[in-house]
Amino acid sequence: MTTPRATPAQVRQVVLAGMLTMAVVMGIGRFAFTPILPSMRDAFGLSATDLGTLASANYLGYLLGALVAATPALLGWRRQVMRGGLLLVIAVTAAMALTTSMPAWLILRFVAGLASAGVFVFASAAVIGWFVQQKRPELVGFFFSGVGLGIAVSGAVILLVQRVAGAQAWR
Numbered sequence: 058m059t060t061p062r063a064t065p066a067q068v069r070q071v072v073l074a075g076m077l078t079m080a081v082v083m084g085i086g087r088f089a090f091t092p093i094l095p096s097m098r099d100a101f102g103l104s105a106t107d108l109g110t111l112a113s114a115n116y117l118g119y120l121l122g123a124l125v126a127a128t129p130a131l132l133g134w135r136r137q138v139m140r141g142g143l144l145l146v147i148a149v150t151a152a153m154a155l156t157t158s159m160p161a162w163l164i165l166r167f168v169a170g171l172a173s174a175g176v177f178v179f180a181s182a183a184v185i186g187w188f189v190q191q192k193r194p195e196l197v198g199f200f201f202s203g204v205g206l207g208i209a210v211s212g213a214v215i216l217l218v219q220r221v222a223g224a225q226a227w228r
């Protein structure tokens with residue numbers, strides 16, 4: 058059975074959707090946190106150990122999320138995991154600003170890692186699989202460039218917020 062060839066518009070749509078997905082889950086879910094750390098340290102008197110612990114909670118969530126995404130039972134839930142994970146990454150990252158509780162921050166960073174890994178694994182499989190079916194493996198780089206896009210955009214937005222709000226960025 059031959060896979061029907063996608064139109065150029067469909068190819069652009071898949072590339073853009075894939076890039077934006079990666080931008081959200083990696084740019085927001087993983088890397089937006091890094092430029093926020095100095096403001097958190099200054100606003101709340103956090104130590105380097107506190108900041109490292111918050112980052113580690115995200116990494117642990119990411120590790121577990123990737124392992125859970127490898128569970129065959131989840132394959133039928135791929136779309137729900139991707140959609141829910143995207144929303145969850147945004148929600149828990151935004152929720153960081155709604156509390157000053159270290160235990161809450163740890164949970165939020167863990168959940169962000171868990172959700173971002175699930176989306177990363179399933180989106181990568183879906184989009185790269187589609188590129189292979191379409192005999193367009195050269196598009197994989199565009200898909201993964203979404204990571205860099207997310208890092209750059211989230212970093213620029215955070216820098217702008219910090220410049221405008223100054224010390225009040227976390228209050």
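Position 81 of the sequence shown, counting from 1, maps to 138 under this note's numbering, and the rest follow consecutively. We put the beta carbon where it would ideally sit given N, CA and C, even for glycine.
Residue i to residue j span [Cα, whole Å]
i       : j       : result
Ala-213 : Phe-88  : 12 Å
Ile-147 : Ala-63  : 31 Å
Leu-217 : Ala-172 : 26 Å
Pro-65  : Val-176 : 25 Å
Leu-120 : Thr-59  : 37 Å
Val-210 : Gly-84  : 8 Å
Arg-136 : Ala-151 : 23 Å
Pro-61  : Phe-199 : 22 Å
Trp-162 : Leu-145 : 14 Å
Phe-90  : Met-139 : 21 Å
Phe-129 : Phe-179 : Per the sequence shown, the amino acid found at residue 129 is Pro instead of Phe. So the two alpha carbons sit approximately 12 Å from each other.
Pro-194 : Asp-99  : 46 Å
For residue i, the three-state DSSP class (helix, strand or coil)
i       : result
Ser-104 : coil
Ala-89  : coil
Ser-158 : coil
Arg-193 : coil
Ala-151 : helix
Thr-110 : helix
Arg-136 : helix
Ala-127 : coil
Ala-172 : helix
Arg-182 : Residue identity check: residue 182 is Ala in the sequence provided, not Arg. Three-state result, Ala-182: helix.
Pro-95  : helix
Ala-63  : coil
Buried versus exposed call for residue i [16 or more other C-beta atoms within 10 Å across all chains shown]
i       : result
Ala-114 : buried
Phe-101 : exposed
Gly-75  : buried
Val-184 : buried
Val-189 : exposed
Supposed close pair residue i, residue j - CB separation, criterion 8 Å
i       : j       : result
Phe-167 : Leu-132 : With a Cβ gap of about 24 Å, Phe-167 and Leu-132 do not count as contacting.
Asp-107 : Met-153 : With a Cβ gap of about 14 Å, Asp-107 and Met-153 do not count as contacting.
Ile-215 : Pro-95  : Going by Cβ atoms, the distance from Ile-215 to Pro-95 rounds to 10 Å, so no, they are not a contact pair.
Leu-155 : Val-81  : With a Cβ gap of about 19 Å, Leu-155 and Val-81 do not count as contacting.
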